[in-house]
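Protein chains: 2
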Amino acid sequence: MTRSQHPIPGAVHPLDRDGLRGRVNDALAAFMDRQSAVLADVGEGMAPVAEALRDFLVDGGKRLRPGFCYWGWRGAGGVDAGPAGDAAVRAATSLELLQASALIHDDLMDSSDTRRGKPAVHRRFEALHRASGWCSNAAGFGEAAAVLLGDLCLSWSDEMFSGSGVDPAALAAAKPLFDVMRTEVMAGQYLDVLEQAMGGGSVERSRRVIRFKSAKYTIERPLHVGAALAGAGPELLVAYSAYGLPLGEAFQLRDDVLGVFGDPAETGKPAGDDLREGKRTVLLALAAERGTAAQRRIVDELLGDPALDDAGVKDLQGVIAGTGALAEVEAMIGTLTERALAALDSAAVTADARTVLHELAEAATVRRV
Amino acid sequence: MTRSQHPIPGAVHPLDRDGLRGRVNDALAAFMDRQSAVLADVGEGMAPVAEALRDFLVDGGKRLRPGFCYWGWRGAGGVDAGPAGDAAVRAATSLELLQASALIHDDLMDSSDTRRGKPAVHRRFEALHRASGWCSNAAGFGEAAAVLLGDLCLSWSDEMFSGSGVDPAALAAAKPLFDVMRTEVMAGQYLDVLEQAMGGGSVERSRRVIRFKSAKYTIERPLHVGAALAGAGPELLVAYSAYGLPLGEAFQLRDDVLGVFGDPAETGKPAGDDLREGKRTVLLALAAERGTAAQRRIVDELLGDPALDDAGVKDLQGVIAGTGALAEVEAMIGTLTERALAALDSAAVTADARTVLHELAEAATVRRV
Chain R
1 MTRSQHPIPG AVHPLDRDGL RGRVNDALAA FMDRQSAVLA DVGEGMAPVA EALRDFLVDG
61 GKRLRPGFCY WGWRGAGGVD AGPAGDAAVR AATSLELLQA SALIHDDLMD SSDTRRGKPA
121 VHRRFEALHR ASGWCSNAAG FGEAAAVLLG DLCLSWSDEM FSGSGVDPAA LAAAKPLFDV
181 MRTEVMAGQY LDVLEQAMGG GSVERSRRVI RFKSAKYTIE RPLHVGAALA GAGPELLVAY
241 SAYGLPLGEA FQLRDDVLGV FGDPAETGKP AGDDLREGKR TVLLALAAER GTAAQRRIVD
301 ELLGDPALDD AGVKDLQGVI AGTGALAEVE AMIGTLTERA LAALDSAAVT ADARTVLHEL
361 AEAATVRRV
Chain F
1 MTRSQHPIPG AVHPLDRDGL RGRVNDALAA FMDRQSAVLA DVGEGMAPVA EALRDFLVDG
61 GKRLRPGFCY WGWRGAGGVD AGPAGDAAVR AATSLELLQA SALIHDDLMD SSDTRRGKPA
121 VHRRFEALHR ASGWCSNAAG FGEAAAVLLG DLCLSWSDEM FSGSGVDPAA LAAAKPLFDV
181 MRTEVMAGQY LDVLEQAMGG GSVERSRRVI RFKSAKYTIE RPLHVGAALA GAGPELLVAY
241 SAYGLPLGEA FQLRDDVLGV FGDPAETGKP AGDDLREGKR TVLLALAAER GTAAQRRIVD
301 ELLGDPALDD AGVKDLQGVI AGTGALAEVE AMIGTLTERA LAALDSAAVT ADARTVLHEL
361 AEAATVRRV
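Protein chains in written order, with the UniProt record's numbering: chain R, 1 to 369; chain F, 1 to 369.
So, in C-alpha cells, the structure goes:
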C-alpha cells in the first residue's frame, strides 16, 4: 500500500516524517544492489531472483516496522544526524526484510494468489516456469522458489541489521530483542496455523495469536529494538510495551475488520479473501459466540469456502454485523487505542517522537496506514 | 548419521577429536533449553515445535560444518581453552542450525518422506494433525509447520553465532563470511531446483550447482568463518579455499555416488531415492553424455519416476556403471582429493589442525563421514 492511496489532507503521513519512507527505500535499493552482485556471481540463472526481490522490497509495503523502530530510537534520544542517523535508519530498515520473508512464506502457506495487487512470489515463479516451457511441475517450482526467496530475505534481515554501521555496543544491546522478535513472530504464525487447523477458536485464543503474531512483532518489539539501539534502559522498554501492545492489538483488529469489510482498492486484496481463507479472527470468534444457531450455521457453512461468491461474502458480513461482533470489535479498537495513547502520554520520550507515535496510533487504527 | 554407524577401526573419528561432537551436542541442547522456554511463553500449543526441533538437532547429523569451522579456527591459531574455547565451539555449532533449516526446507521442497531414517518434519506435523483429528488439510498443516520450523532454525543460527560469546571484534570480522555463506547456499539451492526444472543439465552446470550448494557451504565457508574468528588474514582464507573447494566438490560427488549405489543402512535413505527424485547430478549428466542412444533412453524413461522399483534402480545403476560415468566420477573424486591435500600441505596452519583436516578429507571422500 502506498501513501498516495491514503492521503491525509493537509498533513505529511506520520511514516513520512523526516523523509523516513524515502530513506528506507533508498537503504533497501542500495542493499539490493549489493546482493544482486553476489547473486550474479553464483550464476546467470539468479537474475529472476534478484529482480523479484527488488520488486518486492523497493517501493512496496507500508514500512510500519521500520517506522516504529526508528521512532522508538528517536523517542529514546537517538539523534538523527550524519552517519549515525543513516546507520540507525539502516538498522530499522532491516525489519522490512524480516517482514518480506514473513509475507513470502505466509502467502505460500496460505496459497494466496496476490500480494499488494501483484502475483505472490510463488505464483510469479510458477508463471516463469510455464513461460519458459520447463519440464515437470510448475507449481512445485514456484513453491520451492518462494521457500528460498523467503529464506534469503530472512538471512538478509540480520545481515543488514548487524552491518548497519550502528555502534557495536548498541547493536549488541539490541540484538537479543531483535532475536526474540523473530522467534515470537514465527511462533505466533505457527499458533495461527494451529488455530485454523483446530477450528472453532475462542476469542481468548484468537487474541493470543494477535498478541504474538502482530502486536509484539509489528509495534512493541520494533520500538524495543529502536530503544536499545539508542541505549535506553528497561523503564523505557516497559513504557513502549504499555503503548505498543494495546496499539498492536487494535491495529490487527482494524486489519481484520478491513479484511472482511474493506474496499479492495484500498486493501489491495480481493473482497472477502480473509473469509475464503477461513481466517479465524477475533471478529469471527465473537460472531460465533454471540450468534444464534442459524447465524452460526451460516458461518460454519460459508467460512473457508474457497469458492465463496459476492452473495456469500454479503451473507457473512451480515452475520458479523448482525450479531453485534462488528460493533464490539470497533469498541475494542477504541478502548485499546485510548489505553495506548494514555501510556504514551506518561512515557519519558522525546517531544518529536511523542507527536509522531501519537499520529501513528491514529493512522494505524482509524484507517489502514 | 551417527558415529556408531561408521566406526573407524582403532581410531577416533576426526570429527570427534577433542570431544568436538559431544560439545556441539551439548551446545545445541543448552540452546534448545533456552528456546523451549521462549516458545513455552508463547503458548502450550508450541510444545510439539520445541520437541521436534530438539529431536532434529540433538544427537542428529554428522556435524561436518561445525567441524570444519572449528578446525578452521584451530588451524588459524585459535586456542581451545577456557571460556574462549567454549565460545568458539558455540559459534561453530551455529552452522548446524543453518544446516537444520536447509534440510527441513529441502525435504519440504523435495517432498521427501524421511530424514535420517525418521519422518521428515513436514511429515511429522502432518501425522500430528491426523492423530489429533483436526479439521481441513493435514498435508497443508505439515507443510506450513516445516516452513516455520525451518525459519526458526535459520534465525536461531545467527542468534547462536552472534550470542556465542566470541570477542566482538572477531565476530564482526567473521560475520560477513557467515552472511555470504548463507546467500550462497540459498542461491545454490535455487540453481539446483532450476536445473531440475530445466532438465538435461550439462556436466558443467551440475558442477556449478555443487560448487555453491555444497563445496562452499559445507567446507570452504565454514573454514573461512573459523579462520576469521581467530583473526586470520586473507592468505589463510585463500589457502583454505584451495583445500576446501576441491574437497567440497569431491565430497558431494561421493554423496551422489552413495545416493545411487549406497547401502540404505548407511545412508539412512531408501535405495534409489535420488533416482526417484530425478536428481540431476554430475554422475547422471556424465552417464547421459557418454551413453548410447539406448542407454540415454533408459535414463530419460526411469530417472525421476516416483514409482521406480528395485528393478528400475538396478537398470539405472547398470547404465551409470556401463557408460563409464561411475569410474569417471571416482577418478574425479581421487584427483580433487589429491589437489585438496596438496593445498593443505603448503598451507600455513597449525600442526594439529593439519592432521585433522587431512583425516577429514579422507573420511569425507573415501566413505561418508
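Think of the CB as a built atom: it goes at the ideal place given N, C-alpha and C, for glycine as much as any other residue.
Output needed for GLN295/R: all residues of its chain with C-beta closer than 8 Å, excluding positions within five of it in sequence on either side, in chain order. Beyond the five residues adjoining it in sequence on each side, GLN295/R comes within less than 8 Å, by CB distance, of ALA287, VAL319, GLY322, THR323 in the same chain, given in chain order.
Closest Cβ-Cβ distance between SER162/F and chain R: below 8 Å? Cβ-Cβ to chain R under 8 Å: yes for SER162/F.
Test item: CB-CB of THR218/F and PHE251/F under 8 Å: A contact, by the Cβ cut-off of 8 Å.
Checking contacts by CB at 8 Å: is ALA172/F closer than that to chain R? Yes, ALA172/F counts as interfacial toward chain R.
Whose CA, out of GLU96/F, LYS118/F, ARG123/F, lies closest to the CA of SER111/F? Of GLU96/F, LYS118/F, ARG123/F, the residue nearest in Cα terms is ARG123/F.
Tell me the rounded alpha-carbon separation between ALA87/R and ALA342/F. If I take the Cα positions, the gap works out to 45 Å.
For THR2/R and SER36/R, I'd like the C-alpha separation in whole angstroms. A caution first: THR2/R carries a pLDDT of 31, below 50, which makes its placement in the model unreliable, though a value can still be read off. Rounded to whole angstroms, THR2/R to SER36/R spans 25 Å at the Cα level.
Classify ARG34/R as buried or exposed, calling it buried when 16 or more other Cβ atoms lie within 10 Å of its own Cβ. With fewer than 16 other Cβ atoms within 10 Å, it is exposed.
Are there 16 or more other CB atoms within 10 angstroms of the CB of residue 392/F, so buried, or fewer, so exposed? A query on residue 392/F cannot be resolved here, the shown segment of chain F reaching from 1 to 369 and no further.
My understanding is that LEU344/F touches LEU303/F, with C-beta atoms under 8 Å, so please give their C-beta distance in whole angstroms. About 36 Å separates the two Cβ atoms, so there is no contact after all.
Round the Cβ separation of PRO246/R and LEU326/R to the nearest angstrom and send it over; I've been treating them as touching at under 8 Å. Taking 8 Å as the upper bound for CB-CB distance, PRO246/R and LEU326/R are not in contact here, some 20 Å apart.
Quick one: Cα of ARG205/F to Cα of LYS213/F, how far? Distance between the alpha carbons of ARG205/F and LYS213/F: 12 Å.
What are the residues in the stretch 182-202 of chain R lying within 8 Å of chain F by C-beta distance? Listed by position along the chain: ARG182, THR183, GLU184, MET186, ALA187, GLY188, GLN189, TYR190, LEU191, VAL193, LEU194, GLN196, ALA197, MET198, GLY199.
Chain F residues whose Cβ lies nearer than 8 Å to that of MET46/R: Listed by position along chain F, the residues whose Cβ is nearer than 8 Å to that of MET46/R are ALA187, TYR190, LEU191.
Please classify THR350/R: does DSSP put it in a helix, a strand, or coil? THR350/R: coil per DSSP, three-state reduction.
Have a look at PHE68/R and PHE161/F and give me their C-alpha separation to the nearest angstrom. A direct Cα-Cα distance of roughly 27 Å separates PHE68/R from PHE161/F.
Classify residue 376/F as buried or exposed, calling it buried when 16 or more other Cβ atoms lie within 10 Å of its own Cβ. Only positions 1 to 369 of chain F appear in this structure, which leaves residue 376/F out of reach.
Under 8 Å between C-beta atoms, does LYS175/R make it to chain F? Yes, LYS175/R counts as interfacial toward chain F.
In the DSSP output, which residue or residues are listed as bridge partners for THR114/F? In the DSSP secondary-structure assignment, THR114/F is bridged to PRO119/F.
Boundaries (first-last residue) of the alpha helix (DSSP H) holding SER162/F: Element bounds for SER162/F: 138-162.
Under 8 Å from the C-beta of VAL180/F: neighbouring residues of chain R: Ordered by position in chain R, the residues that pass the 8 Å Cβ test against VAL180/F are VAL38.
Minimum Cβ-Cβ distance from GLY43/F to chain R less than 8 Å: So yes, GLY43/F belongs to the interface.
Out of THR267/R, MET109/R, LEU28/R, which has the shortest C-alpha to C-alpha gap to GLY140/F? Nearest Cα to GLY140/F within the set THR267/R, MET109/R, LEU28/R: MET109/R.
Residues in the stretch 18-37 of chain F having any Cβ partner in chain R nearer than 8 Å: The stretch 18-37 of chain F vs chain R, Cβ under 8 Å: GLN35.
Name, please, each residue of chain F whose Cβ falls closer than 8 Å to the Cβ of LEU57/R. Under the 8 Å cutoff, chain F gives no residues; its nearest Cβ is about 15 Å from LEU57/R.
CB of PRO222/F to nearest heavy atom of the ligand GDP: below 7 Å? The ligand GDP is not part of the structure shown, which contains no ligands of any sort.
Within 7 Å of chain F by C-beta, residues of the stretch 272-292 of chain R in sequence order: Those would be none; no residue qualifies.
Find the nearest neighbour of GLY150/R within the set ALA187/R, LEU98/R, VAL185/R, judged by alpha-carbon distance. Taking only the C-alpha atoms, the option nearest GLY150/R is LEU98/R.
Output the boundary residues of the alpha helix (DSSP H) element that contains ALA265/R. Element bounds for ALA265/R: 264-267.
So LEU154/R contacts chain F; which residues on that side make the cut at Cβ distance below 7 Å? Here the neighbours are ASP151, LEU154, SER155.
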